[in-house]
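Report on one structure; see the data block that follows.
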Amino acid sequence: SGLGVLRRRRDLAFVAGMSVLAWLFEASMYWELARGFGGAVERAMGVAATLLTTGVAMLATLIPSSPGYIGQFEYGVKLVLSGALGVAEGPALAYAILVHVALYVPITLLGVFEWSRLHLSLGDVRQPDDFEEDRRERTEDRGQGTVDGLFVAGGRGSDLDTEPRP
């Protein structure tokens, strides 16, 4: 399970460290784009302001909304820049849009590339329950099955494997 990492301190420390590193890389994009943006945005975005802007923008995306977090991401960035740092709304919104595009477009294009490279279609996208059903059908086709999450060879209860199946 995804929460298994909480059982061992070393694993938890590793995951926490990688998360902090990922957030710092993302914040560095905010920082560099502010440098390139210039003007009041550049002057307002010190290290603390950059970290605050990154955090608020990410928290804003927790609000359920449209795909790609269009609207709430920009609101979060603009809230910090205009509300807390005194940047005019126009440049704050323009910067928010620039950051959003810089974060969203490259990873989306990479996903489209991988999707096509793997020859996937929309029909390949299924609910998790569909995967479990397919797995059951495949094991039944081979004369095998599961009983209470345990693998059963031959599908008749013989040669029970004591390891739970994923």
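Everything in the sequence shown is counted per the working numbering, starting at 2 for the first residue and increasing by one. From the three backbone atoms N, C-alpha and C, an ideal C-beta is built for every residue, glycine too. These numbers come from a predicted model, not from an experiment.
Where the alpha helix (DSSP H) through G84 begins and ends = Position 83 of the sequence shown, counted from the first residue, corresponds to residue 84. First-last for G84: undefined, no H or E at that position.
message = In the DSSP assignment, the alpha helix (DSSP H) including I108 goes from what residue to what residue?
response = In the sequence shown, the residue the question calls residue 108 occupies position 107. Where I108 is concerned, the enclosing alpha helix (DSSP H) stretches over E90 to R118.
ask   = Secondary structure at S122, three-state DSSP: helix, strand or coil?
value = The residue you call residue 122 lines up with position 121 of the sequence shown. Of the three classes helix, strand and coil, the one that applies to S122 here is coil, per DSSP.
inquiry  = For Y70, which residues in the same chain have their Cβ closer than 7 Å to its Cβ, ignoring the five residues on either side in sequence?
reply    = The residue you call residue 70 lines up with position 69 of the sequence shown. So the qualifying residues of the chain are T62.
query = Okay, do the segment 41-54 and the segment 75-82 touch, 3+ Cβ pairs below 8 Å being the bar?
reply = yes
message = Tell me which residues share the same chain as D149 and place their Cβ nearer than 7 Å to its Cβ, disregarding the 5 neighbours each side in the sequence.
response = Looking up residue 149 in the sequence shown gives position 148. For D149, the predicted model reports a pLDDT of 47, less than 50, meaning its position is unreliable; a value from the coordinates is still stated below. Same-chain partners within the cutoff: there are none.
Cβ distance (whole Å) where L60 is taken to contact G37 below 8 Å = As a first step, residue 60 must be located in the sequence shown, where it is residue number 59. As a first step, residue 37 must be located in the sequence shown, where it is residue number 36. Contact doesn't hold; Cβ gap of about 25 Å is too wide.
ask   = Can at least three beta-carbon pairs, one atom from the segment 26-42 and one from the segment 5-15, be found at a separation below 8 Å?
value = no
query = Taking C-beta to C-beta, are L86 and M46 nearer than 9 Å?
reply = One-based indexing of the sequence shown puts residue 86 at position 85. One-based indexing of the sequence shown puts residue 46 at position 45. Their beta carbons are under 9 Å apart, which means L86 touches M46 by this criterion.
message = Tell me which residues share the same chain as S66 and place their Cβ nearer than 8 Å to its Cβ, disregarding the 5 neighbours each side in the sequence.
response = Translated into the one-based positions of the sequence shown, residue 66 becomes position 65. By the criterion of a C-beta distance shorter than 8 Å, S66 is surrounded in its chain by G72 and Q73, once the five residues flanking it on both sides are discounted.
Unbroken alpha helix (DSSP H) run spanning V48, endpoints = To locate residue 48, count along the sequence shown from 1; it is residue 47. Its alpha helix (DSSP H) spans residues V48 to A61.
message = Output needed for G5: all residues of its chain with C-beta closer than 7 Å, excluding positions within five of it in sequence on either side, in chain order.
response = Taking the sequence shown and counting its residues from 1, one reaches residue 5 at position 4. By the criterion of a C-beta distance shorter than 7 Å, G5 is surrounded by no residue of its chain, once the five residues flanking it on both sides are discounted.
key: CA-to-CA distance, L7 to K25, given in whole angstroms   = Your numbering for residue 25 matches position 24 in the sequence shown. Your numbering for residue 7 matches position 6 in the sequence shown. Reading the sequence as shown, one finds Leu at residue 25 and not Lys. Using only the alpha carbons, I get a separation of about 22 Å.
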